[in-house]
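Here the sequence shown is numbered in this note's numbering, starting from 6 and rising by one per residue.
Note that beta-carbon positions come from the ideal geometry of N, C-alpha and C, so glycine has one too.
None of the values given here were measured: they were computed from a predicted structure.
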Amino acid sequence: MRPRSVVALLVAGLAAWGVLRAQRPFKEYPGTEYENFPLPNDYQEKTEWTRARLRYPSVYGRSWRRGDDLNWTIDYPRSDRHLLQGVRRLTRINTRSVEQVVDLDGSDDVYNWPMMYAVEVGHWNLPDDQATQLRDFLLRGGFLMVDDFHGSEMWRGINEWDVFVHSMTKVFPERPIEDLPDDDAIFHTIYDLSERFQVAGAQYFRSGLTYEKGETGRIPHWRAIRDDKGRVMVAICHNMDLGDAWEWSDDPEYPEKWASLAYRIAMNYFMYDLTH
Numbered sequence: 006m007r008p009r010s011v012v013a014l015l016v017a018g019l020a021a022w023g024v025l026r027a028q029r030p031f032k033e034y035p036g037t038e039y040e041n042f043p044l045p046n047d048y049q050e051k052t053e054w055t056r057a058r059l060r061y062p063s064v065y066g067r068s069w070r071r072g073d074d075l076n077w078t079i080d081y082p083r084s085d086r087h088l089l090q091g092v093r094r095l096t097r098i099n100t101r102s103v104e105q106v107v108d109l110d111g112s113d114d115v116y117n118w119p120m121m122y123a124v125e126v127g128h129w130n131l132p133d134d135q136a137t138q139l140r141d142f143l144l145r146g147g148f149l150m151v152d153d154f155h156g157s158e159m160w161r162g163i164n165e166w167d168v169f170v171h172s173m174t175k176v177f178p179e180r181p182i183e184d185l186p187d188d189d190a191i192f193h194t195i196y197d198l199s200e201r202f203q204v205a206g207a208q209y210f211r212s213g214l215t216y217e218k219g220e221t222g223r224i225p226h227w228r229a230i231r232d233d234k235g236r237v238m239v240a241i242c243h244n245m246d247l248g249d250a251w252e253w254s255d256d257p258e259y260p261e262k263w264a265s266l267a268y269r270i271a272m273n274y275f276m277y278d279l280t281h
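Here's what the structure looks like:
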């Protein structure tokens, strides 16, 4: 082997080693709904991809009980792990069986996880530095899916749509939020999903309602923010709760049609991110 080839291989090897070193290891966090949730037997398996969950500060500040913001933990980790099992069954994506919690903390770690999910974004409150890093992550080719926020009116002292937009406008003050047309590629990467419906959360068990937070929560909205080439960077699932659908997909009382659509949406979004 020529010396120049040996040097090239060494450089490539060191670069790969550096990327692996930069990735933070899997870590569990206390959640709002679950503690000591059982780990899958293969949780340490090395794979090519996983879905990251964004940890963010909330409008309520830090919890006096746990010393942390907790809105980001809704459905965590049961929803995440059910979903990842679905990715394994329904696609050829080589995914880990456990989630990765990521922070917009100024480090390079977030760039190791190309797809992030944020739940309850009607309660997030991104400071300027985190909004700046999220913008950079997305413009580099990252993808953010947001879910489980409802209504566009004041409900018990908060307007969840306005709260979401307040932080999102810090990220992209110049880019509009638009409704996704039924023929958009994101709805046709694996499954053809031109016809969709509202996916209700587990509150349905108590209320019997498919919607939340008043009359403006009745209509599901599939929205997005695009980059300059038209790629969806931010997929916005408003007035629905896909996270609950994944979380309760093994409960016989949770309607199968909602769980099925939630999984299909996720598979399409993930595959779209990997191919666009």
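Taking its Cβ as the centre, do 16 or more other Cβ atoms sit within 10 Å of residue i, making it buried, or is it exposed?
i              : result
glycine 146    : exposed
valine 165     : Note that residue 165 corresponds to glutamate in the displayed sequence, not to valine. Buried, by the Cβ-count rule.
glycine 91     : buried
leucine 131    : buried
tyrosine 216   : buried
asparagine 244 : buried
Let's see if you can read the secondary structure: which residues bound the beta strand (DSSP E) around residue i?
i              : result
aspartate 108  : 105-108
tryptophan 227 : 226-231
tyrosine 122   : 120-124
valine 237     : 237-243
Using the three-state DSSP reduction, which class does residue i fall into: helix, strand or coil?
i             : result
threonine 280 : helix
leucine 75    : coil
leucine 266   : helix
threonine 100 : strand
glutamate 261 : helix
glutamate 217 : coil
tryptophan 69 : Low confidence applies to tryptophan 69: its pLDDT is 39, below 50, so where it sits in the model is not reliable, and the reading given next is rough at best. Note: tryptophan 69 maps to coil in three-state DSSP.
arginine 26   : With a pLDDT of only 48 at arginine 26, under 50, the local geometry of the prediction cannot be trusted, and the value read off the model is given with reservation. Three-state DSSP puts arginine 26 in a helix.
Please report the residue range of the alpha helix (DSSP H) in which residue i lies.
i                : result
histidine 87     : 83-95
leucine 247      : 247-252
arginine 60      : Not the alpha helix (DSSP H): arginine 60 falls in the beta strand (DSSP E), residues 57-60.
phenylalanine 31 : From DSSP, phenylalanine 31 is part of no alpha helix (DSSP H); its letter is neither H nor E.
Quick one: residues in its chain with C-beta nearer than 8 Å to the C-beta of residue i, no 5 flanking neighbours on either side, listed in chain order?
i            : result
tyrosine 283 : Because the chain here runs from 6 to 281, residue 283 falls outside it and cannot be looked at.
tyrosine 34  : Arg60, Asp73, Thr78, Tyr81 and Val106
leucine 247  : Asp152, Asp153, Val204, Ala267, Ile270 and Ala271
Leaving aside the five residues before and after residue i along the sequence, list all residues of the same chain whose C-beta is less than 7 Å from its C-beta, in chain order.
i            : result
aspartate 47 : Ser102
arginine 70  : Residue placement at arginine 70 cannot be trusted, given a pLDDT of 47 that sits under 50; what the coordinates show is reported in the next sentence. Result list for arginine 70: empty, nothing under 7 Å.
lysine 175   : Leu131, Asp133 and Ala136
arginine 26  : Low confidence applies here, because arginine 26 scores a pLDDT of 48, under 50, leaving its location unreliable; read the following figure in that light. Once the five neighbours on either side are set aside, arginine 26 has no close Cβ partner at all.
I'd like the list of long-range same chain contacts for residue i, defined as Cβ closer than 6 Å, with 5 residues on each side in sequence excluded.
i              : result
methionine 120 : Arg56, Phe148 and Asp278
Minimum length 4: unbroken alpha helix (DSSP H) runs contained in the region 139-176: 165-176
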